[in-house]
Amino acid sequence: MSRIVAVANQKGGVGKTTTAINLAASVASRGLRVLLVDFDPQGNASSGVGYGRERVELTIYDALSGDVSLADVIRPTDITTLFVVPANTDLVGAEIELISADRRERFLADALAPVVSQYDYIVIDCPPSLGLLTLNALVAADGVVIPMQAEYFALEGLSALSKTIEKVKAAYNPKLTIDGVLFTMYDARLSVANQVKDEVARFFGEKVFGESIPRNVRLSEAPSHGKPCLLYDLRCAGTKSYLAIADELIDRTNAGKPALALQP
């Protein structure tokens, strides 16, 4: 069974795109076929797997506008089983055009439908907002991974996103669920970080991933080289954490069995 996972948080700077890139790459390293869909007009998920602006020709916008099929937009990456649908600032236009469109919340779901069966996982990097693009991602998805920092202000954002997910589930996508809450840039030495984590665990229980992503220099450097962290530094703490998260996600969602193809 294929599974579509939206990586979403309306708050910027929480490691959303870093999580989308490295979660997709880590799942792919386990021998599963993964499609990373860049659905953020900033295009950072694209450049993070080697598709900077100068290398991008067709994008997700071209597929949404009906100029080409999504299959025509898919590109390979340096990981054999990881593929990407690039994005760039053209995607801003899509959000404007969707406002007056029929079935405006289902454009992404319709575009993905012909290729879903070709992948074990499809990971969508959502924009940092709760607009029409994110709505499209949530309508298309089976589950949501929510990256967040262990800060008190982040609790309000988590509450707002959870309410949005429930509304989308009720109105458009009854199968939608939260696959996991992931703490990023986590420092266990800080009492506030542990307090926030405990507070989130009270409400979300086992939805909180057992592993957290630490602050890690190599994790921050990897995107500038156009590589997921496991290709940049396989043995760094960031890579090890995302590999552990990938295994936990696979175990939770049962969309595939880890092949254990790559170990740190």
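The end of the sequence shown is residue 1524 by this note's numbering, with every number in the run present.
Beta carbons: idealized from backbone N, C-alpha and C, even for Gly.
From what residue to what residue does the beta strand (DSSP E) around residue 1456 run? The sequence position of residue 1456 within the sequence shown is 196, counting from 1. Segment 1451-1464 is the alpha helix (DSSP H) holding residue 1456; no beta strand (DSSP E) there.
Element boundaries [beta strand (DSSP E), containing residue 1338]: Against the sequence shown, residue 1338 aligns to sequence position 78. Per DSSP, residue 1338 belongs to no beta strand (DSSP E) and is neither H nor E.
How many angstroms separate the CA atom of residue 1286 from the CA atom of residue 1292? Along the sequence shown, one-based indexing puts residue 1286 at 26. Along the sequence shown, one-based indexing puts residue 1292 at 32. Their backbone Cα atoms lie some 9 Å apart in a straight line.
When the Cα atoms are used, what is the spatial distance from residue 1340 to residue 1375? Taking the first residue of the sequence shown as 1, we reach residue 1340 at position 80. Taking the first residue of the sequence shown as 1, we reach residue 1375 at position 115. Looking at the two C-alpha atoms, the distance is approximately 17 Å.
So does the segment 1438-1455 actually touch the segment 1403-1410, counting three or more Cβ pairs closer than 8 Å? yes
Could you have a look at residue 1299 and say whether DSSP puts it in helix, strand or coil? Taking the sequence shown and counting its residues from 1, one reaches residue 1299 at position 39. In this structure, residue 1299 counts as coil in the three-state DSSP scheme.
How big is the Cα-Cα spacing for residue 1318 and residue 1359? Within the sequence shown, numbered from 1, the residue matching residue 1318 stands at position 58. Within the sequence shown, numbered from 1, the residue matching residue 1359 stands at position 99. Rounded to whole angstroms, residue 1318 to residue 1359 spans 23 Å at the Cα level.
Within 10 angstroms of the Cβ of residue 1520, are there 16 or more other Cβ atoms? Answer buried if so, exposed if not. Here residue 1520 corresponds to residue number 260 of the sequence shown, with the count starting at 1. Caution applies to residue 1520, whose pLDDT of 41 falls short of 50 and renders its modelled position unreliable; the value that the coordinates give is listed next. Burial call: exposed.
Where residue 1503 falls: helix, strand or coil (DSSP): Here the question's residue 1503 lines up with position 243 in the sequence shown. Looking at residue 1503 - three-state DSSP - the assignment turns out to be helix.
Rounded separation between residue 1309 and residue 1345 - CA only: Position 49 of the sequence shown holds residue 1309. Position 85 of the sequence shown holds residue 1345. If you take the alpha carbons of residue 1309 and residue 1345, they lie about 11 Å apart.
Limits of the beta strand (DSSP E) - the one that residue 1263 falls within: In the sequence shown, the residue the question calls residue 1263 occupies position 3. It spans 1263-1267 - the beta strand (DSSP E) in which residue 1263 sits, taken as one unbroken run.
Using only CA atoms, which one of 1304, 1321 and 1474 lies nearest to residue 1504? Taking the sequence shown and counting its residues from 1, one reaches residue 1504 at position 244. Among 1304, 1321 and 1474, the Cα nearest to that of residue 1504 belongs to 1474.
Taking a contact to mean a Cβ-Cβ separation below 8 Å, would you say residue 1321 touches residue 1351 in this structure? Within the sequence shown, numbered from 1, the residue matching residue 1321 stands at position 61. Within the sequence shown, numbered from 1, the residue matching residue 1351 stands at position 91. Taking 8 Å as the Cβ cut-off, residue 1321 and residue 1351 qualify as a contacting pair.
Give the secondary structure of residue 1385 by DSSP, where H, G and I count as helix, E and B as strand, and everything else as coil. Position 125 of the sequence shown, counted from the start, is the residue given in the question as residue 1385. Strand, per DSSP.
Endpoints, alpha helix (DSSP H) assigned at residue 1477: If you number the sequence shown from 1, residue 1477 lands on position 217. It spans 1477-1481 - the alpha helix (DSSP H) in which residue 1477 sits, taken as one unbroken run.
In the DSSP assignment, find the unbroken beta strand (DSSP E) run with residue 1531 in it and report its ends. The structure shown does not extend to residue 1531, since the chain is modelled only from 1261 through 1524, so no value can be given for it.
So residue 1525 and residue 1389 are in contact, right, with Cβ under 8 Å, and what is the actual spacing, rounded? This structure cannot settle anything about residue 1525, because the visible part of the chain is limited to 1261 through 1524.
CA nearest to the CA of residue 1349, picked from 1299, 1486 and 1464: Here residue 1349 corresponds to residue number 89 of the sequence shown, with the count starting at 1. For residue 1349, the nearest C-alpha among the options comes from 1299.
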